[in-house]
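A.B. asks: Attaching a single structure in structure tokens format; questions to follow.
2 protein chains.
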Amino acid sequence: MPKASGDHVNPILAVGSVAFDSIKTPFGEASRVVGGSATYFAIAASFFTDVRIVAVVGEDFGANVEKVFGGRRVDVSGLETIPGETFRWKGEYGFDLNSRETIYTHLNVFEQFKPKIPAAHTSSPVVFLGNIHPTLQKEVLDQVQKPRLVAADTMNYWIDRTPEELTQVLKRVDVLLINDSEARELAKEANLVKAARKVQAMGPQTLVIKRGEHGVLMTRPGGGFFAAPAMPLEDVFDPTGAGDTFAGGFLGYLASCEATDDAALARAIIYGSTLASFAVEDFSVDRLLRLTKEEVHTRFTEFKKLTHFDIV
Amino acid sequence: MPKASGDHVNPILAVGSVAFDSIKTPFGEASRVVGGSATYFAIAASFFTDVRIVAVVGEDFGANVEKVFGGRRVDVSGLETIPGETFRWKGEYGFDLNSRETIYTHLNVFEQFKPKIPAAHTSSPVVFLGNIHPTLQKEVLDQVQKPRLVAADTMNYWIDRTPEELTQVLKRVDVLLINDSEARELAKEANLVKAARKVQAMGPQTLVIKRGEHGVLMTRPGGGFFAAPAMPLEDVFDPTGAGDTFAGGFLGYLASCEATDDAALARAIIYGSTLASFAVEDFSVDRLLRLTKEEVHTRFTEFKKLTHFDIV
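Going line by line, the protein sequences match chains A and B.
Following this note's numbering, the numbering of the first sequence begins with 35 at its first residue and continues without gaps.
Following this note's numbering, the numbering of the second sequence begins with 35 at its first residue and continues without gaps.
See below:
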């Protein structure tokens, strides 16, 4: 584990959703459990650095703030509580967990969400824009002063419906995290290598392509790619939040480094994969809440055994 | 590249199809070009060791034997030519090359194929059973004397139609190469880790799970897994034969080693992935026919850049 205390703390400002999820998988059900992109992201990133959440919840969220963020390196002063109900989402996964159907999405208090960055956080050196409307992502960038590193997530929904707004945001993003079908769709190009080059030309020099159970592919600043498989797991209970947890481990580690060279980016991918591999082992954020730094370290080294080979 | 000459030559006996393929991809068409599992396998494996083909062609195959195998470490004394037409297959690939439709399969002379192992080849130390009827695979094993290593390929067609015969063959196989959906089907288990354990219990201690553009996952004799991504390629013209080419690079390298420990198996996966990454760059075996050992070496080292990271 990197040394994450002392002079090298680069706090991350993270905007996204904090939600209640209801989830059905072939292995069980969970009803009205804590979810949301900012939630998974912040818990994962807080293993490496300080995280400042910008999000909104309803009055029904109550003691969950303390339950999931308490005792962690998470600053919740940007987490607004307003009258009404918290964002709710319900999804159901298919037999092999690779397909998922949304049963409902109730935006609730999120419908009026206007990100307001606390004055003390506007100079945050690292910014994470969770998968929300590109206009909200832009409003966050407009409120912060010259961050060293801006990372963003997006999805096909915004690629289809708000391409202009998304294009504007992408110009201001250093690292874009999206899944492979979305990368192809955004670039209008079936070949993933060519698609990656086209997305890079839109702004983000580092593109992290998430492939679910098949791992991650990242463009490298110096050309070429870095690829990591997902850790093969015997018990995958709930894939919800895996992508946001990956983003948290990835960006948390990068923020804790001084450099963002090829070697640091590669390690960041493995830390992201490590955190994500734990997230799916239980419903909601349950596994992350009982995760230890020692477990993170052990699984990080297991990734080396999984992928390294010698040249003779 | 390993030293593949001298005392350490372990020839591979390879049974499979030699065929004419007609292929349509989004990038072009090729009509009546050389294909077949034994063809791709043998060319790839011959970069590392001697290969002895057991297969059948019709009289129409003619000068193609010399064209594809001539000047290589491929012994064609077990390649029968009989009256009639060569096996013909026609397939068409979808937009992203991940889906493929078979337009026709004409077995032709392959319908009467009875593998006959030349007497001089019955003591081959390494045997590759290409993706053919399990009863034919068994007939090959019945004709050879205690091979050091037996590898086999199969597919959903045989898992569905000849499960009994396949089960009998699997008991005599050390390495099974199949794709991920087939591994799940064979084990009747959605989770790939559990599926792999079940398939190992059927016989093959080493299971190589092919995931197409997502790379390969291999069980390790000592427990755990080894995973390799596919090389990200800008120009994929024709995925036909990629799996057989992978098998050729994998088993060819293993045969050229004295050991089959974890480290050798990991390198074999990378050599297989390397050869497969070239096969798809052109139609038929065209790219493999003009491939050099230097190119193989260069791409092998590129795989290290693609996958390795440091622990700090």
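We treat Cβ as the ideally placed atom computed from N, Cα and C, and that holds for glycine.
Here the structure is a predicted model, which means the values were calculated and not measured.
Taking buried to mean at least 16 other C-beta atoms within 10 Å of its own C-beta, is Phe334 (chain B) buried or exposed?
C.D. replies: buried
A.B. asks: With a threshold of 16 other CB atoms inside 10 Å of the CB of Gly128 (chain B), please say whether the residue is buried or exposed.
C.D. replies: That one is exposed.
A.B. asks: By the DSSP assignment, the beta strand (DSSP E) with Thr240 (chain A) in it spans what residues?
C.D. replies: Thr240 to Lys244
A.B. asks: Starting from the C-beta of Phe284 (chain B), find all residues in its chain whose C-beta is less than 6 Å away, skip the five residues before and the five after it, and write them out in chain order.
C.D. replies: Ala302 and Gly306
A.B. asks: Verify the CB distance criterion: does Arg301 (chain B) have a CB-CB separation below 8 Å to chain A?
C.D. replies: The Cβ of Arg301 (chain B) sits closer than 8 Å to at least one Cβ of chain A.
A.B. asks: Three or more C-beta pairs closer than 8 Å, one from the stretch 213 to 222 of chain B and one from the stretch 171 to 186 of chain B: is that the case here?
C.D. replies: no
A.B. asks: Closer than 8 Å between beta carbons: that is the criterion. Which residues of the stretch 311 to 322 of chain A meet it against chain B?
C.D. replies: Of all residues in the stretch 311 to 322 of chain A, none places a beta-carbon less than 8 Å from a beta-carbon of chain B.
A.B. asks: Tell me Phe54 (chain A)'s beta-bridge partners as DSSP assigns them.
C.D. replies: A:Val68 and A:Arg122
A.B. asks: What number of angstroms, rounded off, separates the C-alpha of Met189 (chain B) from the C-alpha of Glu219 (chain B)?
C.D. replies: 10 Å
A.B. asks: When the Cβ atoms of the stretch 162 to 172 of chain B are set against those of the stretch 46 to 58 of chain B, are three or more pairs found closer than 8 Å?
C.D. replies: Enough Cβ pairs lie closer than 8 Å, so yes.
A.B. asks: Counting only beta-carbon separations shorter than 8 Å, does Gly21 (chain B) have a partner in chain A?
C.D. replies: Any property of residue 21 (chain B) remains undetermined from this structure, which presents chain B solely from 35 to 346.
A.B. asks: So, does the CB of Phe147 (chain A) fall closer than 8 Å to a CB anywhere in chain B?
C.D. replies: no
A.B. asks: Within the 8 Å Cβ cut-off, does Lys58 (chain A) reach chain B?
C.D. replies: Not flagged as an interface residue toward chain B: Lys58 (chain A), since no C-beta distance is shorter than 8 Å.
A.B. asks: Please tell me whether Gln171 (chain B) and Ala186 (chain B) are closer than 8 Å, where the distance is taken between their beta carbons.
C.D. replies: yes
A.B. asks: Quick check: the Cα distance between Arg106 (chain A) and Gly118 (chain A), rounded to an integer number of angstroms?
C.D. replies: Each residue's alpha carbon lies about 27 Å from the other.
A.B. asks: Does the CB of Val346 (chain B) have a neighbour CB from chain A at under 8 Å?
C.D. replies: yes
A.B. asks: Suppose you measure from the CA of Ser311 (chain B) to the CA of Ile137 (chain B); what does that come to, to the nearest Å?
C.D. replies: Cα-Cα distance, rounded: 25 Å.
A.B. asks: Which residues of chain B have a Cβ atom closer than 8 Å to the Cβ of Asp130 (chain A), listed in chain order?
C.D. replies: Arg218 and Ala224
A.B. asks: Identify each residue in the stretch 269 to 284 of chain B for which the Cβ-Cβ distance to at least one residue of chain A is less than 9 Å, and report them in chain order.
C.D. replies: Asp269 and Val270
A.B. asks: Taking Cβ positions, are Arg206 (chain B) and Leu175 (chain B) nearer each other than 8 Å?
C.D. replies: yes
A.B. asks: Taking 7 Å as the line, does the beta carbon of Phe144 (chain B) fall inside it for any heavy atom of the ligand ZN?
C.D. replies: The ligand ZN is absent from the structure shown, which contains no ligand whatsoever.
A.B. asks: Counting pairs of Cβ atoms below 8 Å between the stretch 253 to 260 of chain A and the stretch 269 to 289 of chain A, do you hit three or more?
C.D. replies: no
A.B. asks: What are the start and end residues of each continuous beta strand (DSSP E) run of 3 or more residues lying completely inside the stretch 229 to 312 of chain B, in chain order?
C.D. replies: 240 to 244, 250 to 253 and 259 to 262
A.B. asks: Run through DSSP, which three-state label would Ile345 (chain A) get?
C.D. replies: For Ile345 (chain A), the three-state secondary structure derived from DSSP is coil.
A.B. asks: Cβ atoms of Thr274 (chain B) and Ile57 (chain B): under 8 Å apart, would you say?
C.D. replies: yes
A.B. asks: If you measure between the beta carbons of Phe81 (chain A) and Thr120 (chain A), is that distance less than 8 Å?
C.D. replies: A distance of 8 Å or more separates the beta carbons of Phe81 (chain A) and Thr120 (chain A).
A.B. asks: What's the gap between the Cα of Arg66 (chain B) and the Cα of Ala53 (chain B)?
C.D. replies: 9 Å
A.B. asks: How about Gly249 (chain A): is its C-beta nearer than 8 Å to some C-beta of chain B?
C.D. replies: yes
A.B. asks: For Ala313 (chain A), count neighbouring Cβ atoms within 10 angstroms of its own Cβ and tell me buried if that reaches 16, exposed if not.
C.D. replies: buried
A.B. asks: Within a Cβ cutoff of 7 Å, which residues of the same chain sit near Leu141 (chain A), ignoring the five residues on either side of it in sequence?
C.D. replies: Phe121
A.B. asks: Below 8 Å on C-beta distance, what does Pro263 (chain B) contact in chain A?
C.D. replies: Gly249, Leu251, Ala261, Ala262 and Pro263
A.B. asks: For Gln177 (chain B) versus Ile151 (chain B), is the C-beta distance shorter than 8 Å?
C.D. replies: Yes, the Cβ-Cβ distance between Gln177 (chain B) and Ile151 (chain B) is below 8 Å.
A.B. asks: For Val160 (chain B), list the residues DSSP reports as bridge partners.
C.D. replies: B:Ile46 and B:Leu183
A.B. asks: Could I get the ranges of all uninterrupted beta strand (DSSP E) runs contained in the stretch 90 to 124 of chain A, with 3 residues as the minimum, in chain order?
C.D. replies: 108 to 116
A.B. asks: Classify Asn132 (chain B) as helix, strand or coil using the three-state DSSP reduction.
C.D. replies: coil
A.B. asks: Along chain B, which residues have their Cβ under 7 Å away from the Cβ of Val227 (chain A)?
C.D. replies: Pro266, Leu267 and Glu268
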